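Trainee: Take a look at this one; I'll ask things after.
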Amino acid sequence: MSEAKLILFPVPLSEGDIDHVLPAWNVQLVKDVKFFIVENVRSARRFLKKCCREIDIDSLTFFTLNRHTQAAEIESYIAPLLAGNDMGVISEAGCPAIADPGADVVAIAQRHGIKVVPLVGPSSILMSLMASGFNGQSFAFHGYLPIDSAERARKFKQMENDIARADQTQIFIETPYRNNKLLEEMARVLPRNLRLCVASDITGAAESIITRNVKEWASAKYDYDKVPTIFLLYK
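Heads up: the sequence shown runs through residues 50 to 284, numbered per the numbering used here.
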């Protein structure tokens, strides 16, 4: 029997043909996997059907892994791996284990000496950084910014310091319905000469990746409401 593998399957960031963003090899591999650890079963089933309409979804086994899943429960998920079966990890969007709970199961697999296979696919963090014109050798991803205004102000100040002292690109996201409000706030409170890249609907039909200084964003017209968007700051 060949060595069982934990395969990390990237998922498109937007609607559209998966062959525009995923290699054919990913689709070929996914057809042979019967056990999946997923962030959301419904969206994972939809993704698998887009990969191959002939997949018998009802014959597959899904384990749900999200921020509410307990560590002991995750440990039990790898039983099929330990029994010699390949397993796949599927996130809601992008690459599993990058700013994603899939990292927890990968850590367990590594502790057990299980082979982990990361596949090529879209990452909003890397793709926005590639197109921003910012420092791609030193960068930090902060996830969601604090909701509390005082804490968020401290986070902005920390990022400003890291840009100045470490020459480091700062990357973060916001709940999509708050995108416009966050952008308005940044245009109001951040130093006018800082550069801000706003990358929206990456790989989608309405993809927009724009870098301007904060002063220019203050007078720009835009609407990123409810559209997946990622923000990058640099000097």
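Ideal Cβ positions, reconstructed from N, Cα and C, are used throughout, including at glycine. This one's a predicted model, so the numbers in the text were calculated from it and none came from an experiment.
1. By the DSSP assignment, the alpha helix (DSSP H) with Ser268 in it spans what residues?
2. Would you mind stating whether Phe84 and Pro145 have Cβ atoms separated by less than 8 Å?
3. Might you give, ordered along the chain, the residues of its own chain that have their beta carbon closer than 7 Å to the beta carbon of Arg94, omitting 5 neighbours on each side?
4. List the DSSP bridge partners of Leu175.
5. Rank Ile220, Leu78 and Val169 by C-alpha distance to the C-alpha of Leu245 and give the top, closest one.
6. Give the DSSP-derived three-state secondary structure of Pro225 in the structure shown.
7. So Val155 is in the beta strand (DSSP E); what residue range does that whole segment cover?
8. How long is the line joining the alpha carbons of Thr224 and Lys275, rounded to whole angstroms?
9. Between which two residues does the beta strand (DSSP E) containing Ser125 stretch?
10. If we ignore side chains and look at the alpha-carbon of each, how far apart do Glu209 and Gln186 end up?
11. Can you find the residues in the same chain that come closer than 6 Å, C-beta to C-beta, to Glu256, ignoring five residues on each side of it along the sequence?
12. In or out: Tyr283 buried (at least 16 other Cβ within 10 Å) or exposed?
13. Would you kindly work out how many angstroms separate the C-alpha atoms of Ala121 and Tyr226, rounded to a whole number?
14. What number of angstroms, rounded off, separates the C-alpha of Ser172 from the C-alpha of Thr113?
15. Going by DSSP, what residues sit across from Gly185 in a beta bridge?
16. Alpha helix (DSSP H) containing Ile212: first to last residue?
17. Look up Pro129 in the DSSP assignment and say whether it is helix, strand or coil.
18. Could you give the uninterrupted runs of the beta strand (DSSP E) lying entirely in the stretch 228–263, keeping only those of 3 residues or more?
19. Out of Ala180, Ile123 and Arg160, point me to the one whose CA is closest to Ala248's CA.
20. Could you pull out every unbroken beta strand (DSSP E) segment of at least 3 residues lying fully inside the stretch 64–126, listed in chain order?
21. Quick one, which of Lys99, Val87, Ala128 and Pro129 has its alpha-carbon nearest Thr118's?
22. Quick one: what's Ile282 bridged to in DSSP?
23. Which residues in the same chain as Pro72 place their Cβ atom closer than 6 Å to its Cβ, once the five residues preceding and following it in sequence are excluded?
Mentor: Here's the rundown:
1. In the DSSP annotation of this structure, the continuous segment of the alpha helix (DSSP H) that includes Ser268 starts and ends at Val263 to Ser268.
2. With a cutoff of 8 Å on beta-carbon distance, Phe84 and Pro145 are scored as not near each other.
3. In its chain, beyond the 5 residues on either side, Ile106 have a beta carbon closer than 7 Å to the beta carbon of Arg94.
4. According to DSSP, which records beta bridges pairwise, Leu175 is partnered with nothing at all.
5. Minimum Cα distance to Leu245 is reached at Ile220.
6. Three-state DSSP puts Pro225 in a helix.
7. It is not in any beta strand (DSSP E) - Val155 instead sits in the alpha helix (DSSP H) that spans Gly151 to Arg160.
8. Spanning the alpha carbons of Thr224 and Lys275 requires a straight line of approximately 8 Å.
9. From DSSP, Ser125 is part of no beta strand (DSSP E) but of the alpha helix (DSSP H) over Ala120 to Tyr126.
10. Rounded to whole angstroms, Glu209 and Gln186 show a C-alpha spacing of 17 Å.
11. Asp250, listed in sequence order.
12. Flag for Tyr283 reads buried.
13. Computed Cα separation, rounded: 34 Å.
14. Taking C-alpha positions only, Ser172 is separated from Thr113 by approximately 21 Å.
15. For Gly185, DSSP records no beta bridge to any residue.
16. Ser198 to Ala215 is the span of the alpha helix (DSSP H), which, as asked, contains Ile212.
17. Note: Pro129 maps to helix in three-state DSSP.
18. Fully enclosed beta strand (DSSP E) runs of 3 or longer: 244–249 and 257–262.
19. With respect to the C-alpha of Ala248, the residue from Ala180, Ile123 and Arg160 having the closest C-alpha is Ala180.
20. Runs of the beta strand (DSSP E) inside the stretch 64–126: 84–87 and 110–113.
21. Nearest option by C-alpha distance: Val87.
22. The question names Ile, but residue 282 is Leu in the sequence shown. For Leu282, which the question treats as bridged, DSSP gives the partners Gln219 and Leu245.
23. Non-local C-beta neighbours of Pro72 in its own chain, meaning closer than 6 Å and more than five positions away in sequence, comprise Val169, ordered along the chain.
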